[in-house]
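Its first residue numbered 260, the sequence shown is counted upward by one per residue in the numbering used here. All remarks here apply to the structure that follows.
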Amino acid sequence: MTVILAVSALSAWSVNYCQTSAFGYGKSATGGGTATPTLVDSYSALKSALGNSNKVIIITKSIAFSTQIECSKSNLTILGMPGVILSNSNKDEGVFKFKGKNIIIRNIAFKGPGATSNQGGDLLCFEGKDASTAWVD
């Protein structure tokens, strides 16, 4: 009986990691919608996908690089497969800087100096007046 109560209590406090829609401030984000996803597994493939007409990008493995990725695209979804980490080794820059709107970023861990040092760049940044309607999960 004690085990059942403990499991019930834990499930009541658990977080739903499989949200099917945005909530809170980003609740109106739709990202790239149901567009056919583009799979990427390298820095160059990610930069290329962000630079063309792709609306849904799935990162299939962790990627390390040394310069911040900047993107001014709107209506974009970026998803990571389980365990994906984007890491920037440059101490003065973060990982992503977005200037677009309606962005969804899910299931990606960011790693860089900004995570552990107040002298490092922000790992994820939304900049400018168009940087609105974002869901980061």
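The beta-carbon is built from N, C-alpha and C at its ideal position, and this holds for glycine as well.
Supposed contact pair residue j and residue i - C-beta distance, whole angstroms, cut 8 Å
i, j, result
"residue 343", "residue 320", "7 Å"
"residue 313", "residue 289", "Contact doesn't hold; Cβ gap of about 15 Å is too wide."
Closest by C-alpha distance to residue i, when choosing among the options
i, options, result
"residue 356", "324, 330, 369", "330"
"residue 366", "380, 327, 337", "337"
"residue 370", "326, 308, 303", "326"
"residue 295", "362, 328, 316", "316"
"residue 335", "301, 368, 382, 305", "305"
"residue 285", "387, 363, 372, 388", "363"
"residue 381", "318, 328, 388, 310", "328"
Distance, residue j Cα to residue i Cα
i, j, result
"residue 360", "residue 293", "17 Å"
"residue 308", "residue 299", "8 Å"
"residue 384", "residue 392", "13 Å"
"residue 395", "residue 347", "19 Å"
"residue 351", "residue 372", "8 Å"
"residue 345", "residue 291", "20 Å"
"residue 311", "residue 340", "21 Å"
"residue 287", "residue 368", "23 Å"
"residue 302", "residue 358", "19 Å"
Near the ligand PLP: residue i beta-carbon under 6 Å from a heavy atom
i, result
"residue 299", "Judged by which ligands are present, the structure shown has none, so any question about the ligand PLP falls away."
Neighbour-count burial assignment, residue i, 16 or more Cβ in a 10 Å radius
i, result
"residue 323", "exposed"
"residue 332", "buried"
"residue 283", "exposed"
"residue 387", "exposed"
Chain B within 7 Å of residue i, Cβ atoms only
i, result
"residue 304", "The structure shown has no chain B; it contains just one protein chain."
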